[in-house]
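Protein chains in written order, with this note's numbering: chain A, 2 to 395; chain B, 11 to 564; chain C, 14 to 155.
Only one structure is covered here, and it is reproduced in the block below.
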């Protein structure tokens, strides 16, 4: 945004069909006041980017090759077949009405998607599976659909490159003992974001009832040998969710199991004080879920303050998973010639100069460089824009 | 000039089946000032835009109503289209008949759609054009504060070709960090780094340094600030386009948590630095050094960062035993977990407590008694020195600064309200930025990013030497204004000033570049002297009144 | 509709069966939430007429009163969460004005539940729908 506003042309290359990354699917965590989760900044920024005259958004695209050097990079881009042209799709939905499959192979995107264009699920689409069907193509009033489209390549000449590929969440299944994927009532923090964004309230996945006893388990996938860092966002999001759950269901009992509670940050101190009144904090992170009684999840944990090992049953267990680097970082690093740093995030020059990589003209923005919350990611991104701008003066 | 409204209805590819478009067209045609009603399948695409263009260039319409999808997604398209056709985009009114009508309700919604179109028509009648113009802006920037953030801001602005003036209260540059030998995030000592930054700043032709100087008054707004700078007895007025505040913080040991008496072995970070720099000066090498955190303030990153850094420095230089007493170690900054592990590997002992440890002085040493919750035992450690927690507090004069600027402070007294829309470096006031410790970012990594963000935002604003504004979109009528100052006090963006017109009358005046178009002033003005074009009282009321129309139904 | 007509005034516009609700929606939060509800095909009663405003703080007492005067059965003022207004204080001003209207309605004998201040985030489609449905229920009670 900042680069475009300062007069430069910007190409935004996005791997998925819509921009926004992980944060776009998050939810507002206000109770009766704002809890500063900063999610609301995201839709606004996405809209600004999508409508800016100097920003060209290329979705379903990846960078396959980069040659040249700072000031003069040639970037090759490969774009997935645009079965539904995002320029032409007006999201009228007539295609989905005529689609014969169940669930519909062609369907509306998530409501926050920008561009808001219909998407084809290749695993459902009869045509793409080799059968004869092109009802959607025929009926589309703007001729936006062409099922025979092939992938496309583009070449862009640019002066600088900013990498802002974001993060993945830690795969909670890796911690088998915490039962994610085995028990329906074990969710991750990301699951919770999506549930609140789509349903507005929380129900137990197993039976749709309200959750009466909820446990948050912190540091799942962070602060350990393979991920020797703090993901920075988990303690805060756990507390915000805990408050939100209690706000919607004042009778619920919420417990947060932690190692070191990360409560620093602008304005958070007061929120934390309020949390202490209604949320149970236990130092000591559970290591396993035992087979529980009928609907319950029995957690075994060490209550460090008491110095005892305990077992307690909860309805719902939320694993506060951390951020990990994307698996495709390795490919991108190779293509750009940049180094990976600690733990697989992209490497930078120094802690106080964290936008620059080992390659002149290639900068990092956001969580692809390391875990950050939304405001810090924005700051990191604008700072990256500044570093890029310095190179492209005039 | 008579109002002539052109109406475009979009049926979104024919998919909005629960709206009877021909019926709407028929009902609306009858209204006298409607020039035409066109129905399209896709106004947002090439085809639709061409249709709009030809109508506008052809028939003499001076207002446009579009009934289509949400303006949140299509507005910018139409605005650009109209601009290209030399048609003032403020004369456009959009009715949302898709997301907020057809898609939102079951059954026939033609009645509601008709209402929505009626509302847009009623409003369109009253719309007035708003001109866009370029106004000059002052390209010079004022940086207040000559520490790490201040100097960094000036140097980075200079790289971008922008001239800055750095005003520093003390006689020398450097700020608080220049006292530290080592700090999280710095590969060389902050002292060295700040000293070399100071040299760079001195040599930089784009940077003017004013030490022993303070600002006393700030007037004006984005692109055009007038700042009074006081140096000794002299006070001058200087003009700047943007202001960056990097006034830092102070770190204090709060006496009420620690017994501080002369010769006390409870020391500050600075005293520890002195010891580390000249260990030979002590009678004997300290055997045990303790650090204590989370007593005065459980929710700050600074003590953890300072302690980890210093603990390792102690291990390196003195080889003493090191104990760190803390409740929750703040590791949520990059590389800190690693630092923590390194400290543990080097033998630093971390004692985590839930209840405040008891601190007393015994035989010239400091005794710390704490219940180590990890082991579940009481530990007593006799330290040769106990380095006390330092609470990061807003610098002296932060409150005064906030009142000079008319901006807010957060719940801890640091600059910048706690409103996420201001993050990272905004103040609510266009052209005024807060970076680093003064807004509560006490670690150098985040402070660096603040600097980068502020510098970029300043560049965006000033680089071209001019800015595009919507001229008098929100305007005070001097005839009606009673200079009650309500709007001036209420404007969250401080975009309104009191000025004199015709040498005699005082009136409020809204500055276009600083105005963010919220309309709070227009709503609050007791004399209804403020007109907000596009959301004027009559225009909003016109939308309200259209609700009662019947369009020939019974 | 016996309590709808105040003792001393007659509503002009002869709504007769007017059960329209005016919802002043701030463009940063409520308007987007309403759009989202539409995208998700969450259905709600079609009595509501949304008026877009740049900030809930733009909504004046005058606007709310005119809505009732013109026959609206209910008025919603919908803005950002407290503490999350892009213009810092807009939603607070709106709330104050709604309170004022509540007391004005009370004085002329109209059920104060017909006006309501709602705070929500841009993704809260369900809350938007819930509030609209609730208001419709209230006015239909008469």
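All C-beta atoms, glycine included, are put in the ideal place defined by N, C-alpha and C.
Beta carbon of residue i nearer than 9 Å to that of residue j
| i | j | result |
| --- | --- | --- |
| residue 87 of chain B | residue 59 of chain B | yes |
| residue 96 of chain C | residue 428 of chain B | yes |
| residue 258 of chain A | residue 216 of chain A | yes |
| residue 320 of chain A | residue 181 of chain A | yes |
| residue 299 of chain B | residue 393 of chain B | yes |
| residue 115 of chain A | residue 25 of chain A | yes |
| residue 501 of chain B | residue 536 of chain B | no |
| residue 547 of chain B | residue 78 of chain C | no |
| residue 65 of chain B | residue 15 of chain B | no |
| residue 518 of chain B | residue 498 of chain B | yes |
| residue 134 of chain B | residue 13 of chain B | yes |
| residue 540 of chain B | residue 486 of chain B | yes |
| residue 459 of chain B | residue 384 of chain A | yes |
| residue 125 of chain A | residue 104 of chain A | yes |
| residue 127 of chain B | residue 19 of chain B | yes |
| residue 47 of chain C | residue 557 of chain B | no |
| residue 110 of chain A | residue 135 of chain C | no |
| residue 267 of chain A | residue 235 of chain B | no |
Closest residue to residue i among the options (Cα-Cα distance)
| i | options | result |
| --- | --- | --- |
| residue 354 of chain A | A:245, A:269, A:42 and A:381 | A:381 |
| residue 441 of chain B | B:540, B:34 and B:252 | B:252 |
| residue 177 of chain B | B:242, B:122 and B:546 | B:242 |
| residue 523 of chain B | B:186, B:232, B:13 and B:141 | B:232 |
| residue 244 of chain A | A:36, A:9 and A:305 | A:36 |
| residue 38 of chain C | C:60, C:58, C:89 and C:85 | C:89 |
| residue 333 of chain B | B:357, B:352, B:347 and B:310 | B:357 |
| residue 132 of chain A | A:119, A:226, A:240 and A:102 | A:102 |
| residue 92 of chain B | B:109, B:54, B:237 and B:82 | B:54 |
| residue 318 of chain B | B:330, B:182, B:341 and B:221 | B:341 |
| residue 54 of chain A | A:11, A:179 and A:17 | A:11 |
| residue 228 of chain B | B:526, B:153, B:161 and B:276 | B:153 |
| residue 29 of chain B | B:41, B:123, B:106 and B:291 | B:123 |
| residue 369 of chain A | A:277, A:393, A:351 and A:325 | A:325 |
| residue 313 of chain A | A:286, A:329, A:158 and A:226 | A:286 |
| residue 310 of chain A | A:300, A:46 and A:94 | A:300 |
Residues bridged to residue i [DSSP beta-bridge criterion]
| i | result |
| --- | --- |
| residue 177 of chain B | B:154 and B:220 |
| residue 515 of chain B | B:511 |
| residue 215 of chain B | None; residue 215 of chain B has no bridge partner. |
| residue 49 of chain B | B:19 |
| residue 146 of chain B | B:476 |
| residue 284 of chain A | A:259 |
| residue 388 of chain A | In DSSP, residue 388 of chain A forms no bridge with anything. |
| residue 74 of chain A | A:69 and A:159 |
| residue 493 of chain B | BP columns for residue 493 of chain B are empty, so no partner. |
Quiz prompt | Short-range partners of chain B found in the stretch 66-99 of chain C, where Cβ spacing is below 8 Å | solution = Within the stretch 66-99 of chain C, the residues whose Cβ lies closer than 8 Å to some Cβ of chain B are 66, 67, 68, 70, 71, 72, 73, 75, 76, 79, 80, 83, 84, 85, 96, 97, 98 and 99, listed in chain order.
Quiz item: What runs of the beta strand (DSSP E), each 3 residues or longer, lie entirely inside the stretch 80-127 of chain B?
Solution: Within the stretch 80-127 of chain B, the complete beta strand (DSSP E) runs of at least 3 residues fall at 102-106.
Quiz item: Can you list, in chain order, the residues of the stretch 39-67 of chain A whose Cβ is nearer than 8 Å to any Cβ on chain B?
Solution: Taking 8 Å as the upper bound on Cβ-Cβ separation, chain B lies near residues 39, 41, 42, 48, 52 and 54 of the stretch 39-67 of chain A.
Practice problem: May I ask you to list, following chain order, the residues of the stretch 103-114 of chain B that have a beta carbon less than 8 Å from some beta carbon of chain A? | Solution: If the cut-off is 8 Å between Cβ atoms, the stretch 103-114 of chain B has nothing near chain A.
Quiz item: Taking Cβ-Cβ distances below 7 Å as the criterion, which residues of the stretch 258-281 of chain A are in contact with chain B?
Solution: Of all residues in the stretch 258-281 of chain A, 261, 262, 263, 264, 265, 267, 268, 269, 270, 271 and 273 have a Cβ within less than 7 Å of some Cβ in chain B.
Quiz prompt | Interfacial residues, the stretch 180-212 of chain B to chain A, with Cβ spacing under 8 Å | solution = Of all residues in the stretch 180-212 of chain B, 194, 195, 196 and 197 have a Cβ within less than 8 Å of some Cβ in chain A.
Practice problem: Return the chain-ordered ranges of every beta strand (DSSP E) run that is complete within the stretch 345-428 of chain B and spans a minimum of 3 residues. | Solution: Under the rule that a run must span 3 or more residues, the beta strand (DSSP E) segments found entirely inside the stretch 345-428 of chain B read 359-362, 368-372, 375-382, 387-393, 395-397 and 401-404.
Quiz item: Of all the residues that make up the stretch 475-490 of chain B, which are near chain C by a beta-carbon distance shorter than 9 Å?
Solution: The residues in question: there are none.
Practice problem: Name, going along the chain, the residues of the stretch 188-219 of chain A whose beta-carbon falls closer than 9 Å to a beta-carbon of chain C. | Solution: Within the stretch 188-219 of chain A, the residues whose Cβ lies closer than 9 Å to any Cβ of chain C are, in chain order, 197, 198, 199, 200, 201 and 202.
Practice problem: Note down, in chain order, all residues in the stretch 520-542 of chain B with a beta-carbon under 8 Å from any beta-carbon belonging to chain C. | Solution: Answer in chain order: 526, 527, 528, 529, 530, 532, 533, 534 and 542.
Exercise. Mind listing, in chain order, the continuous alpha helix (DSSP H) runs of no fewer than 4 residues lying wholly within the stretch 307-395 of chain A?
Key: Those alpha helix (DSSP H) runs which fall completely within the stretch 307-395 of chain A and span 4+ residues are 330-337 and 375-392.
Quiz prompt | 4-residue-minimum alpha helix (DSSP H) runs that sit fully inside the stretch 283-347 of chain B, ordered along the chain | solution = Inside the stretch 283-347 of chain B, DSSP marks whole alpha helix (DSSP H) runs of 4 or more residues at positions 312-327, from first to last along the chain.
Practice problem: Taking only runs that begin and end inside the stretch 57-114 of chain C, name each unbroken alpha helix (DSSP H) of 4 or more residues, in chain order. | Solution: Listed in chain order, the complete alpha helix (DSSP H) runs (minimum 4 residues) inside the stretch 57-114 of chain C are 74-82.
Quiz prompt | Entirely enclosed beta strand (DSSP E) segments - the stretch 193-278 of chain A, minimum 3 residues | solution = DSSP runs (the beta strand (DSSP E)) wholly in the stretch 193-278 of chain A: 214-221 and 254-259.
Quiz item: Which whole runs of the alpha helix (DSSP H) in the stretch 7-91 of chain A are 4 residues long or more, in chain order?
Solution: The alpha helix (DSSP H) runs lying completely inside the stretch 7-91 of chain A and spanning 4 residues or more are 42-52, given in chain order.
Quiz prompt | Residues in the stretch 127-141 of chain C having any Cβ partner in chain A nearer than 8 Å | solution = Cβ contacts with chain A come from 132, 133, 134, 135, 136, 137, 138, 139 and 140.
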